[in-house]
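K.L.:
For reference, the structure I am asking about is given below.
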Amino acid sequence: MISILEKWARGLDAIVEACGWVAAWTGLALVLVMAGNVLMRYAFNTGSVAMQELEWHLMSPLTLLCIAYTIKHEGHVRVDIVYAHLPARVKQAIDLFSALSVVALSVIVIALSWRYVMQSYRIGEASPDPGGLPYRFILKAMIPAGFALLLLQSLAATFRALEPFLGGPAEPPATVPVDAPQ
């Protein structure tokens, strides 16, 4: 039987999974734009400021929106030298503290970066370079968007970390792929 906290965690996981999958496709777009820029520069001795700026406009969602996806799939670097030897209850407390800390960090970054994005939007900020891309606020909006996804993933981790303290299973169930039957 799946607890209500696990159901909520799985719902948040599904959002992160979908957003991460979509953001990961910007990697293909980035490779194509970079290859096009190199081809134009070396084969045709020409280039475009807008296309060069598009490279880092695509790098932004790729990095910021995929942070939560990477953590969900445990693709991040972990140092478990001490953690692995701790008693289960201490590990559970560390997991809960860690998840809550990332929730707090995410909320702070979202709150601080939102004004930054809105200022860029209000002034109609664009590239300072001739031929550069307009709408710089879209690029800057990846900061709160990425941390909003990290917040969702951290809330899912918090729900799972709370389970043992509320009488639930000591070990969270294995991560179930979003498209797997439940």
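Heads up, the sequence shown is in the working numbering, so the first residue is 1 and it goes up one at a time.
Don't be surprised by glycine CBs; every beta carbon is placed ideally from N, CA and C.
As the structure is a computational prediction, the values presented were derived from the model and not from experiment.
How far does the alpha helix (DSSP H) with Arg41 in it extend, from its first residue to its last?
P.N.:
Your numbering for residue 41 matches position 41 in the sequence shown. Residues 4-43.
K.L.:
Closer than 8 Å is the cut-off here; do at least three beta carbon pairs connect the stretch 136-154 with the stretch 109-124?
P.N.:
yes
K.L.:
Can you list, in chain order, the stretches of the alpha helix (DSSP H) that have 4 or more residues and sit fully within the stretch 56-95?
P.N.:
Those alpha helix (DSSP H) runs which fall completely within the stretch 56-95 and span 4+ residues are 67-72.
K.L.:
Is Glu163 helix, strand or coil when you go by DSSP?
P.N.:
In the sequence shown, counting from the first residue as 1, residue 163 sits at position 163. Glu163 falls in the helix class under three-state DSSP.
K.L.:
In angstroms with no decimal places, state the Cα-to-Cα distance between Ser3 and Ala156.
P.N.:
Taking the first residue of the sequence shown as position 1, residue 3 is located at position 3. Taking the first residue of the sequence shown as position 1, residue 156 is located at position 156. Those two C-alpha atoms are separated by around 13 Å.
K.L.:
Counting only the same chain and skipping the five closest in sequence on each side, list residues whose C-beta sits under 8 Å from that of Ala24.
P.N.:
Taking the first residue of the sequence shown as 1, we reach residue 24 at position 24. Counting only Cβ-Cβ distances below 8 Å, and skipping sequence neighbours, we find Leu62, Cys66, Tyr69.
K.L.:
Quick one: measure Cβ to Cβ for Glu55 and Leu30, integer angstroms, because I've assumed they're closer than 8 Å.
P.N.:
Translated into the one-based positions of the sequence shown, residue 55 becomes position 55. Translated into the one-based positions of the sequence shown, residue 30 becomes position 30. Correct: roughly 6 Å between the Cβ atoms.
K.L.:
Taking buried to mean at least 16 other C-beta atoms within 10 Å of its own C-beta, is Ile123 buried or exposed?
P.N.:
By 1-based counting over the sequence shown, the position of residue 123 is 123. Exposed, by the Cβ-count rule.
K.L.:
Just to confirm before moving on: does the CB-CB distance between Val16 and Leu100 stay below 8 Å?
P.N.:
The sequence position of residue 16 within the sequence shown is 16, counting from 1. The sequence position of residue 100 within the sequence shown is 100, counting from 1. Cβ distance not < 8 Å, so Val16 and Leu100 don't count as in contact.
K.L.:
Tell me whether Gly146 sits in a helix, a strand or coil according to DSSP, three-state version.
P.N.:
Position 146 of the sequence shown, counted from the first residue, corresponds to residue 146. Gly146: helix per DSSP, three-state reduction.
K.L.:
Is the distance from the Cβ of Ala161 to the Cβ of Asp95 below 8 Å?
P.N.:
Translated into the one-based positions of the sequence shown, residue 161 becomes position 161. Translated into the one-based positions of the sequence shown, residue 95 becomes position 95. Yes. Within cutoff.
K.L.:
Three-state secondary structure (DSSP) at Ala157?
P.N.:
Indexing the sequence shown from 1 puts residue 157 at position 157. DSSP places Ala157 in helix when its eight states are reduced to three.
K.L.:
Measuring alpha carbon to alpha carbon, tell me which residue in Ser154, Ala50, Arg41, Asn37 is nearest Ala104.
P.N.:
Against the sequence shown, residue 104 aligns to sequence position 104. Comparing Cα positions, the closest option is Ser154.
K.L.:
Residues in its own chain within less than 7 Å of Pro87 by CB, not counting five upstream and five downstream?
P.N.:
As a working mapping, residue 87 is identified with position 87 in the sequence shown. Excluding sequence neighbours, Pro87 sits near nothing in its chain.
K.L.:
Beta-carbon within less than 8 Å of Gly131's beta-carbon, same chain only, minus the 5 sequence neighbours each way: which residues are those?
P.N.:
Counted from its first residue, the sequence shown places residue 131 at position 131. Annotation for Gly131: Ser48, Val49, Ala50 place their beta carbon closer than 8 Å to its own, counting only its chain and skipping 5 residues before and after.
K.L.:
With a threshold of 6 Å on Cβ separation, who are the neighbours of Ala174 within its own chain once the five nearest residues in sequence on each side are excluded?
P.N.:
By one-based count along the sequence shown, residue 174 stands at place 174. Its pLDDT being 45, under 50, Ala174 is placed unreliably in this model, and the coordinates cannot settle the point.
K.L.:
Around the C-beta of Gly167, are 16 or more other C-beta atoms found within 10 angstroms, so that it is buried, or is it exposed?
P.N.:
Taking the first residue of the sequence shown as 1, we reach residue 167 at position 167. Looking at its Cβ environment, which holds fewer than 16 other Cβ atoms inside 10 Å, Gly167 is exposed.
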